[in-house]
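When we follow the numbering used here, the leftmost residue of the sequence shown carries the number 746, and every step to the right adds one. These notes concern the structure reproduced below.
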Amino acid sequence: MATKSEDLRAKEVLRKITPYLRKNDRILDVGSGSCVIAKNLKNRGYKITLVDVVNRSVYRNFRPVIYDGEKIPFADNHFDVALLITVLHHTQEPIKVLKEARRVAPRIVVMEDLHKGFIQKYLTFAMDNWTNRRFWGNPHTNMTQEQWEDIFKKLGLKILDKNIHRFWRFFTSGTFYLERINK
Numbered sequence: 746m747a748t749k750s751e752d753l754r755a756k757e758v759l760r761k762i763t764p765y766l767r768k769n770d771r772i773l774d775v776g777s778g779s780c781v782i783a784k785n786l787k788n789r790g791y792k793i794t795l796v797d798v799v800n801r802s803v804y805r806n807f808r809p810v811i812y813d814g815e816k817i818p819f820a821d822n823h824f825d826v827a828l829l830i831t832v833l834h835h836t837q838e839p840i841k842v843l844k845e846a847r848r849v850a851p852r853i854v855v856m857e858d859l860h861k862g863f864i865q866k867y868l869t870f871a872m873d874n875w876t877n878r879r880f881w882g883n884p885h886t887n888m889t890q891e892q893w894e895d896i897f898k899k900l901g902l903k904i905l906d907k908n909i910h911r912f913w914r915f916f917t918s919g920t921f922y923l924e925r926i927n928k
């Protein structure tokens, strides 16, 4: 079962991402982690498939398809929207993961911890290690808002909407609603 903090986080994430989802969308949750967000979406009537490199689900009967972190095991355009919720900074090659999401879905929702400057960057790393209880092996490929927006543009992803906000006084998070404009 999900912890109280996981449930609270899921509610906050859902508040930010559900405006970008339609009830009939085929949704892919890339890097589903504990699966708490995906389970909440399913409980609200969304059709969702999960992929991750390991199974960290807190639910016995709700598990991701395990993949190699490189090639998402679904056909081109198999989904309507891909969710990348605080996952890209946990990957060695976030651009490859984004390209794969773009291949399987024309719309993408990216939520990432952002930083600006040296101090905020390392505070973000420390906070991420603490909240994930993962103190080694995390590549911390976090970027600034400007870096992400430049990557989206280079990958042919148009920003339809974005929400940048501060939390816990020192941290910044960005939610980007993207649409593939070319293949």
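Every residue gets a Cβ at the ideal spot worked out from N, C-alpha and C, and that includes glycine. Computed from a predicted structure; not experimentally measured.
- DSSP state of Ile896 mapped onto helix, strand, coil: As a first step, residue 896 is located in the sequence shown; it is residue number 151 there, counting from the start. Note: Ile896 maps to helix in three-state DSSP.
- Item | Terminal residues of the beta strand (DSSP E) in which Ala827 lies | The sequence position of residue 827 within the sequence shown is 82, counting from 1. Ala827 -> beta strand (DSSP E) spans Val826 to Ile830.
- Task: Alpha carbon to alpha carbon, how far is Ile896 from Arg848? Give it in angstroms, no decimals.
- Result: Your numbering for residue 848 matches position 103 in the sequence shown. Your numbering for residue 896 matches position 151 in the sequence shown. Separation of Arg848 and Ile896 (C-alpha to C-alpha, rounded to the nearest whole angstrom) is 15 angstroms.
- Task: Identify every residue that forms a DSSP beta bridge with Arg771.
- Result: Residue numbering aside, residue 771 sits at position 26 when the sequence shown is read from its first letter. Beta-bridge pairing links Arg771 to Lys792.
- Item | Residue span of the alpha helix (DSSP H) that contains Arg754, given as start and end | Walking along the sequence shown from the start, residue 754 turns up at place 9. Residue range Lys749 to Ile762 is occupied by the alpha helix (DSSP H) that includes Arg754.
- Message: Give me the DSSP bridge partner(s) of Phe921.
- Response: The sequence position of residue 921 within the sequence shown is 176, counting from 1. Phe921 pairs with Val855 and Lys907.
- Message: Just list the residues that DSSP pairs Ile1002 with in beta bridges.
- Response: With the chain covering only 746 through 928, there is no way to say anything about residue 1002.
- Item | Asp774 versus Arg808 - alpha carbon distance | Reading the sequence shown from its first residue, position 29 is the one you call residue 774. Reading the sequence shown from its first residue, position 63 is the one you call residue 808. Approximately 11 angstroms between the Cα atoms of the pair.
- Cβ atoms of Lys816 and Glu838: under 8 angstroms apart, would you say? Within the sequence shown, residue 838 is the residue found at index 93, counting from 1. Within the sequence shown, residue 816 is the residue found at index 71, counting from 1. Contact annotation: Glu838 and Lys816 have beta-carbon atoms that are not nearer than 8 angstroms.
- Kindly list the residues whose CB is nearer than 6 angstroms to the CB of Leu828, restricted to its own chain and excluding five residues on each side of it in sequence; keep chain order. If you number the sequence shown from 1, residue 828 lands on position 83. Asp774 and Val854.
- From Val826 to Lys792, what does the alpha carbon distance come to, in whole angstroms? Taking the first residue of the sequence shown as 1, we reach residue 826 at position 81. Taking the first residue of the sequence shown as 1, we reach residue 792 at position 47. Cα to Cα, the separation comes out at about 11 angstroms.
- Identified DSSP bridge partners for Met888: Translated into positions along the sequence shown, residue 888 becomes position 143. In DSSP, Met888 forms a bridge with Leu859.
- Task: Can you have a look at Asn822 and say buried or exposed, based on whether 16 or more other CB atoms are within 10 angstroms of its CB?
- Result: The sequence position of residue 822 within the sequence shown is 77, counting from 1. Exposed: under 16 other Cβ atoms inside 10 Å.
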